[in-house]
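Under our numbering, the residues of the sequence shown are numbered 52 to 272, in order. Note that the Cβ used here is the ideal one computed from N, Cα and C, for glycine as well. Just below is one structure, and these are the notes that go with it.
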Amino acid sequence: MAQVCYHNLQFVADYGKLGHGEVVGMTIPESSIGDFAKEYFSYFAPNGERVDPGDRGGEYRSLIGLPGGTSHPEYSKVEEAASAKGMRLEPGKGNDPDTFGKKLVYVYDTAKYPFYQGEVYHQFHNDFQSPPYGKAYNKLADMAFDDGRLGVTGCPDRVPGRSAIGGLNGKTFAIAALGMFAVVGGFLMLAWMVMMRFRSTRSGSRRDYRSVVDEAPEPIK
């Protein structure tokens, strides 16, 4: 299976650049798809928008994956739930744009667009917009990794229960650490250069200081 990773300092298989979207993998009985759809659409804001408008881009588009996509036998129940919320559905084509402001949800055929497990550090973490769920919930990631429900993705990741900058293997950890230190070192060097230049010209005019800032190199991105 191809490698798909979250944004990382090593630029390894970045899911956004590959056209993937963020999802939660679920296995539910076919008879419960209608109930699931009602619950899914209940999480949208009253105006039909997702509740995290600060996240923009194709990787944050609203989507649902079903075996067969819009041809799934229970798809009509998904349509009913969407219609009740004043939203529309479209078949996903892959690498689709953001749905923000469109009251739109893409429907993907999971046979054609399969689910890829995310990194361990992305599992069972807190929602940034809600109070913390508690350590008992957060520790479920370690438990799922230990019993095999979560596996090694090969992406920059962490060892369950340890620092998030660790890696599931020595090579990944070394690359991640070097990447982080390179970026941090770049910012420190930039700050030092600007400070030294400013100190050497601080007896000059206000314009001298502005020129130091204007001439400073761009930060490392």
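Which residue wins for smallest C-alpha separation from residue i, given the options the options?
{"i": "G199", "options": "T121, N189, V171 and F179", "result": "V171"}
{"i": "T121", "options": "D160, D103 and K153", "result": "D160"}
{"i": "P165", "options": "E130, A195 and G116", "result": "G116"}
{"i": "K154", "options": "K136, G202, C56 and V203", "result": "K136"}
{"i": "G67", "options": "C56, G105 and G76", "result": "C56"}
{"i": "P142", "options": "L191, Y167, H123 and F151", "result": "H123"}
{"i": "P148", "options": "Y167, K163, M194 and R112", "result": "R112"}
{"i": "K128", "options": "I84, V203 and D197", "result": "I84"}
{"i": "A133", "options": "S93, G152, K186 and T204", "result": "S93"}
{"i": "H71", "options": "Q174, D193, K144 and F196", "result": "K144"}
{"i": "E131", "options": "V102, Q54, L201 and F87", "result": "F87"}
DSSP has residue i in a bridge; who is on the other side?
{"i": "L155", "result": "R139"}
{"i": "D65", "result": "C56"}
{"i": "D198", "result": "Its beta-bridge partners do not exist; DSSP assigns none."}
Is the CB of residue i under 9 Å away from at least one CB in chain D?
{"i": "M194", "result": "Although the question refers to chain D, the structure presented lacks it and comprises just one protein chain."}
Classify residue i as helix, strand or coil using the three-state DSSP reduction.
{"i": "G85", "result": "helix"}
{"i": "G116", "result": "strand"}
{"i": "D178", "result": "coil"}
{"i": "D106", "result": "coil"}
{"i": "D147", "result": "coil"}
{"i": "D208", "result": "coil"}
{"i": "D193", "result": "helix"}
Out of curiosity, what's the CA-to-CA distance linking residue i and residue j?
{"i": "G119", "j": "P97", "result": "29 Å"}
{"i": "E100", "j": "E73", "result": "16 Å"}
{"i": "L69", "j": "L60", "result": "16 Å"}
{"i": "F179", "j": "E125", "result": "33 Å"}
{"i": "K89", "j": "S181", "result": "22 Å"}
{"i": "D208", "j": "Y184", "result": "22 Å"}
{"i": "T78", "j": "R139", "result": "24 Å"}
{"i": "H176", "j": "Y188", "result": "8 Å"}
{"i": "P281", "j": "E110", "result": "Not covered by the structure: residue 281. The range shown for the chain is 52 to 272."}
{"i": "Y157", "j": "G205", "result": "28 Å"}
{"i": "G108", "j": "G152", "result": "12 Å"}
{"i": "V203", "j": "F196", "result": "9 Å"}
{"i": "H173", "j": "E81", "result": "27 Å"}
{"i": "G76", "j": "Q168", "result": "8 Å"}
{"i": "T150", "j": "D106", "result": "11 Å"}
{"i": "Y91", "j": "V102", "result": "12 Å"}
{"i": "A53", "j": "A162", "result": "15 Å"}
{"i": "D65", "j": "H58", "result": "5 Å"}
{"i": "L114", "j": "F95", "result": "12 Å"}
{"i": "M194", "j": "K186", "result": "12 Å"}
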